[in-house]
Amino acid sequence: MRPATLSDAASNDERPAGITAVAITFVAASLYLLVLGLIKLRNPEAIPLSLGDPLLHGLETYGPYMFLLAAGLGIIVALGLFLMKNAARRAAIAINVAGMVMLLPTVSDAATDISPRFFIAGAMIVVRMMIVWYLWQRWTAEKFS
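Here is the structure:
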């Protein structure tokens with residue numbers, strides 16, 4: 173038995189569309205963090221660190237290296253999801269649960285004045301919960317190796 177490759181993952185007919193969508197979400201978020209991290213390394217005053225707050229939830233204060241670290245982790249998880257690796261499924265679940273927990277203070281703070289910030293933070297929790305629910309399903313888990 174030969175090891176799986178990315179070309180196998182691209183032609184994998186057994187991968188559900190939902191897994192591909194979750195993997196693409198991880199790729200998009202990782203590319204966003206990668207670009208921000210590289211810009212901050214090149215010119216530290218070009219953009220504010222707060223641009224990473226929606227994805228890093230306070231960890232952006234550690235600087236551009238945290239952006240790059242999170243981007244690298246996201247790419248690894250996305251690749252694992254494309255290759256249908258169970259460890260990547262579990263990592264994606266853990267990352268999304270951690271994201272929901274880190275969003276709770278934001279939602280609590282924004283709940284005092286029903287504002288767009290409240291609904292955006294709530295929507296981010298709902299999206300993460302949908303991803304966790306989808307990846308947690310038995311029929312989804314059975315497709316992973």
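If you read the sequence shown in my numbering, its first letter stands for residue 173, the second for the next number, and so on. Each residue gets a CB set at the ideal place from its N, CA and C atoms; glycine is no exception. Treat the numbers as computed from the prediction; the structure is a model and nothing was measured.
F291 sits away from A250, with the two beta carbons spaced by 9 Å or more. Using a Cβ distance threshold of 9 Å, F239 and G209 count as a contacting pair. Judged by DSSP secondary structure, M296 falls within the alpha helix (DSSP H) whose first and last residues are P288 to W308. One alpha carbon belongs to A264, the other to L307, and they sit about 8 Å apart.
Here G246 has F198, A201 and S202 as same chain residues with Cβ atoms under 6 Å from its own Cβ, once five neighbours each way along the sequence are excluded. Judged by DSSP secondary structure, L275 falls within the alpha helix (DSSP H) whose first and last residues are N258 to A282.
Contact annotation: the region 266 to 284 touches the region 226 to 240, with at least three C-beta pairs closer than 8 Å. Using a Cβ distance threshold of 9 Å, P216 and P188 do not count as a contacting pair. Residues N258, R261 and L307 of the same chain have their beta carbon placed closer than 8 Å to that of A313, with the five preceding and five following residues left out of the count. For the region 180 to 229, the full-length alpha helix (DSSP H) segments reaching 4 residues or more read 189 to 214 and 225 to 228 along the chain.
By the criterion of a C-beta distance shorter than 7 Å, A282 is surrounded in its chain by R289, F290 and A293, once the five residues flanking it on both sides are discounted. Leaving aside the five residues that flank G190 on each side, the residues in its chain whose CB is nearer than 6 Å to its CB run, in chain order, Y306.
Distance between V304 and A193, taken at the CA atoms: about 13 Å. The three-state secondary structure of G235, taken from DSSP, is coil.
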